[in-house]
Amino acid sequence: MEKKISIDDPAVSNIVFYPRKIAMPNDLNPNIDILRLNIGNGVEIGGLFYKNDVKNPTILLFHGNGEIALDYRYIAPMFFEINVNLAVVDFRGYGFSSGEPYYTSLISDAMPIYTVFREWMNQNGLLNSLFILGRSLGSVCAAEIGSYNPVDLRGIIFESGFASVYNMMTNTFGISSPNLTSDSLEEYSNDTKVRKFKKPALII
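Numbering-wise, the sequence shown is residues 82 to 285 according to the working numbering.
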């Protein structure tokens, strides 16, 4: 997906994204696996898989704009209490992912991440039961995947997400531009994509 001048302008990205880079961790607990997902075009997405039990369902989580996958080492035990595994992937430019983040990369990367992670699950003997969770800005990725209704997707979860990208840009981040209009951004909005959902969805 080519960059769109309105929402992908570097001035916008500098407001929307708070990328935090880290070296690939090497002192993780035995139940944490490093994810290195090659999604094409020279882009590698990093993440972490917090394993509870291979026989349990898995949640693939897209985090908020100020978080990285490693932060969830403190939160993963809460997911274990409800008998799921947790995979957390970073955006471009976050953690040990390559590249730099811009808004439409959240959309263009979402399905390739989902597809490559599903392959990783199969290779590692995990139960074929996958949910996606989009938290805050990560809801963009979850909405994109949900709009494709993958056959093997069990459901979509939104936590602290947003409906309109126009409202998010203008009200939350205070961004204004003649090129930023509700109509021009409608195709990128979560509320447009959720109309295509055929899978169960939970909004928190």
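Beta carbons: idealized from backbone N, C-alpha and C, even for Gly. Since we're looking at a predicted model, the values are computed, not measured.
Residue i - containing alpha helix (DSSP H), residue span
i    : result
F160 : 157-161
L199 : Note that residue 199 corresponds to Arg in the displayed sequence, not to Leu. It spans 184-204 - the alpha helix (DSSP H) in which R199 sits, taken as one unbroken run.
N95  : 91-97
G227 : 220-229
L266 : 263-266
Neighbour flag for residue i against chain B, beta carbons, 8 Å
i    : result
G219 : Protein chains in the displayed structure number just one, and chain B is not present.
Rounded C-alpha distance that separates residue i from residue j
i    : j    : result
A104 : G219 : 22 Å
F98  : Y183 : 8 Å
L214 : D114 : 19 Å
Y148 : P259 : According to the sequence displayed, residue 148 carries Glu and not Tyr. Near 31 Å, if we compare the C-alpha coordinates of P259 and E148.
L151 : G227 : 25 Å
K132 : F198 : 14 Å
G128 : K280 : 25 Å
L118 : D264 : 34 Å
L234 : F212 : 6 Å
M249 : P106 : 33 Å
D134 : G180 : 32 Å
S94  : E200 : 31 Å
S270 : G236 : 19 Å
E125 : M192 : 14 Å
G137 : V165 : Note on identity: in this sequence residue 137 is Asn, with Gly being the wrong assignment. Roughly 5 Å separates the two Cα atoms.
I284 : I238 : 6 Å
K102 : L109 : 17 Å
Extent of the continuous beta strand (DSSP E) run through residue i
i    : result
N166 : 166-170
V275 : First-last for V275: undefined, no H or E at that position.
D114 : 113-121
Best match in the options for proximity to residue i [C-alpha to C-alpha]
i    : options                : result
F278 : N122, S241, A223       : A223
N122 : S189, Y269, E225, F130 : S189
N112 : P91, A157, I88, I238   : A157
V66  : D89, A244, L261, T262  : Since the displayed the chain opens at 82 and closes at 285, residue 66 lies outside it and no answer follows.
Where residue i falls, given that 16 or more other Cβ within 10 Å makes a residue buried
i    : result
N203 : exposed
P100 : buried
Y195 : buried
R216 : buried
S241 : exposed
E268 : exposed
A92  : exposed
M82  : Unreliable positioning characterises M82 in this predicted model, as indicated by a pLDDT of 49, which lies under 50. A coordinate reading is not provided.
I120 : buried
T139 : buried
**Q.** the stretch 141-161 in contact with the stretch 169-176 per 3-pair CB rule at 8 Å
**A.** yes
Q: Determine, using beta-carbon pairs with one atom in the stretch 202-213 and one in the stretch 239-255, whether at least three such pairs fall under 8 Å.
A: no
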